[in-house]
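Report on the following structure.
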Ligand SMILES: Cc1ncc(C[n+]2csc(CCOP(=O)(O)OP(=O)(O)O)c2C)c(N)n1
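Protein chains in written order, with my numbering: chain P, 20 to 583; chain L, 4 to 159.
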């Protein structure tokens, strides 16, 4: 069929099963927006900033497991999107981002709103394309979706010059991709897997180290099966919260800079790390030379470049976690003796009794940990939880009772303030039957607060709980601990009226200072089913603990902070 | 860990931004490039890059893995058993002793490729290490300009 390049973009999106596109129009992408106007295969959500469009597509992808799609114009539209693209890149989230570009004849002339989008995005995309002719547009769209979702997922940018979207041509959408240079490896090497299983059988203190890859590959069922079969304890990274389920007796908790005591001690004393979809990030390992000194390492990852990058690996296995675990489980079924690890489990249980995750509650002032726990009690597994970046993010990761993968959505790798609210909008659009709560800070929420309008217009009822400490809290905590309390540019005492702000944009606002008010506000927010800001005044100087100071060994945690 | 010199060949799609992908990888991740040559592979839609780099074993491993990871990359060869050559063009004043220059060049697989009124140009092609010897020997004849071509290599 003959159609314009712009129509081809729409037809390709429909062929890929896309139902929601988040975006923002402008000159160079207008042809595509005209084609969007004329079609009804997918909906378009107009965010109020391009960064938010990409975060929303990202939240949609994380909540549903599908590829998220965002669309922006050239120049400033694209540069606004870069933070969103980089956020998805560091957390390996499958996105296709379509950007308009100036016409081919203007490329290289510093034309109006011309910027080298493929140049800027090269280091923060899995792959990117500048479409050079109408003829290659359908193939590139097909490849973009395939690359985004396969192997180690990631964002793909398709930059399309304006004249190409205007040009007419024959549309044939390829059924398959042909890419001899890109062949992700899913099957783990049988011999390596066998050796790894023998190492598990030989170990006395094995430990499952679970990363975001388990979520991305939908392998949490198999991980739980393996853990249960062999009775091997597990620690989760920030990105893997929800994989084991909070009630699982084998789950020690989250490890790393703000991990709990038993998780970090387990990592420090284990004799065999079974790493599944994790990448030994510096926020997890602490001082590398002191990290897991007694351990051999089994490293299962779909991306060979992750293996051996930071930590020496004894049993490297490239492949999908599902394939590798299926094989491991069938080998272990007849050979593993869970009693062998009994003493190890007991040690870890004692560590947990010694220093459980805790906080001092108060009747005078709301504690952020209480708020998070309370939401967990009331909404539990029914909610999808997103967060921004800072102390509130860590408290949420520590204290929310996550039950399943994809329940917890946060910017772990890049740590992007402003992520939470638009990501929550995307998640809610993707999984409308769930309640979506964004835990945020009085700093972070301002970085994408314009999305109140989007959420109100499209009736996307996201509950934003602002844990308000009148500080850039996480930075303030570092200043308290490591900079002699010189609170350089972190005091946010001068604040907007959050309640009025929400109301001005068509949402609901709540001011909360007591437990009773909180319960009432949350109940009302769920009932009202509208976007809201819940401004919760919390203890200003609350710290996130435990804490491994940067560069310190994982086993040297600050467990409490006594004010001098 | 000890730093080693490595010659790596990359076979990749001959696409518009593939050179930027390869060189950007080295710049972005702080890897070393001593030389880089690139040209299309005849009768194909592929290009061949030859890269000389330096780093410890861990870095070299990461370099090859990251190069492999590029969507446009077909193959990465970390050379061990190879024939390696580099080409040099070198310009001397016509006042220098032509016969001596000629003799020196022929000792290094080269010769005079152009002679003009004011200058002569010689070309040699040899292993990088021998190129270094040649260049220090050539100093005697006061070279006016030296252009090194970068290493190309082929597995034996
Ligand atoms: C875009 C961006 N800018 C700066 C930072 C650095 N940063 C990390 S946490 C933080 C403070 C966040 O404050 P707030 O949102 O109020 O959360 P709190 O820590 O108080 O819970 C800052 C500034 C960041 N992560 N992202």
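Note that beta-carbon positions come from the ideal geometry of N, C-alpha and C, so glycine has one too.
For residue 14 of chain L, the uninterrupted beta strand (DSSP E) run begins and ends at 7-16, by DSSP.
In the structure shown, residue 300 of chain P falls within a coil segment according to DSSP collapsed to helix, strand and coil. Each of P:144, P:131, P:448 was checked against the Cα of residue 27 of chain L, and the nearest Cα belongs to P:144. Note on residue 384 of chain P: under 16 other CB atoms within 10 angstroms of its CB, so exposed under the neighbour-count rule. DSSP places residue 479 of chain P in the coil class of the three-state scheme, outside both helix and strand.
Relative to ligand 1, the beta carbon of residue 501 of chain P is positioned no closer than 8 Å to any heavy atom. Boundaries of the alpha helix (DSSP H) harbouring residue 34 of chain P: 24-34, taken from the DSSP string.
Assignment of residue 192 of chain P by DSSP, reduced to helix, strand and coil, places it in the coil class. Here the region 419-430 of chain P lies against the region 255-265 of chain P, with 3 or more beta-carbon pairs under 8 Å apart.
Residue 377 of chain P sits in coil when the DSSP states are folded into three classes, being neither helix nor strand.
Relative to ligand 1, the beta carbon of residue 463 of chain P is positioned inside 8 Å of a heavy atom.
Here the distance from the Cβ of residue 412 of chain P to the nearest heavy atom of ligand 1 is below 8 Å.
Distance from the CA of residue 326 of chain P to the CA of residue 400 of chain P, rounded to the nearest whole angstrom, comes to 34 Å.
Short of 6 Å from the beta carbon of residue 381 of chain P, and not among the five residues preceding or following it, lies no beta carbon of its own chain. The straight-line gap separating the alpha-carbon atoms of residue 37 of chain L and residue 12 of chain L is approximately 13 Å.
Residue-level contact by beta carbon fails for residue 141 of chain L and chain P, as no gap is shorter than 9 Å. With a 10 Å radius around the Cβ and a threshold of 16 neighbouring Cβ atoms, residue 429 of chain P comes out buried.
Counting along the chain, residue 207 of chain P sits inside no alpha helix (DSSP H), nor does DSSP assign it H or E at all. Burial of residue 481 of chain P is indicated by the presence of at least 16 other C-beta atoms within 10 angstroms of its C-beta. According to DSSP, residue pairing for residue 95 of chain L in a beta bridge involves L:123.
Contacts with chain P at 9 Å (Cβ-Cβ) include residue 69 of chain L. The three-state reading of DSSP puts residue 548 of chain P in coil, since its state is none of H, G, I, E or B. Residue pairing for residue 151 of chain L: DSSP places it in a beta bridge opposite L:91. The three-state reading of DSSP puts residue 325 of chain P in helix, counting H, G and I together. Collapsing the DSSP output to three states places residue 371 of chain P in a helix. By the neighbour-count criterion, in which 16 or more other beta carbons inside 10 Å mark a residue as buried, residue 569 of chain P falls on the exposed side. Going by C-alpha positions, residue 114 of chain L is about 13 Å away from residue 95 of chain L. Against chain L, the CB of residue 549 of chain P has no partner CB under 9 Å away; the residue lies outside that interface. Counting only runs that start and end inside the region 101-134 of chain P, the beta strand (DSSP E) elements of at least 3 residues fall at 114-120.
Counting only the Cα atoms, residue 517 of chain P lies some 22 Å from residue 70 of chain P. Counting every other CB atom within 10 Å of its CB across the protein chains shown gives residue 36 of chain P a total below 16, marking it as exposed.
With 16 or more other Cβ atoms from the protein chains shown falling within 10 Å of its own Cβ, residue 537 of chain P counts as buried. The straight-line gap separating the alpha-carbon atoms of residue 102 of chain L and residue 91 of chain L is approximately 19 Å. With fewer than 16 other Cβ atoms inside 10 Å of its own Cβ, residue 353 of chain P counts as exposed. For residue 284 of chain P, the enclosing alpha helix (DSSP H) stretches over residues 280-288. Residue 27 of chain P and residue 501 of chain P have their C-alpha atoms roughly 56 Å apart.
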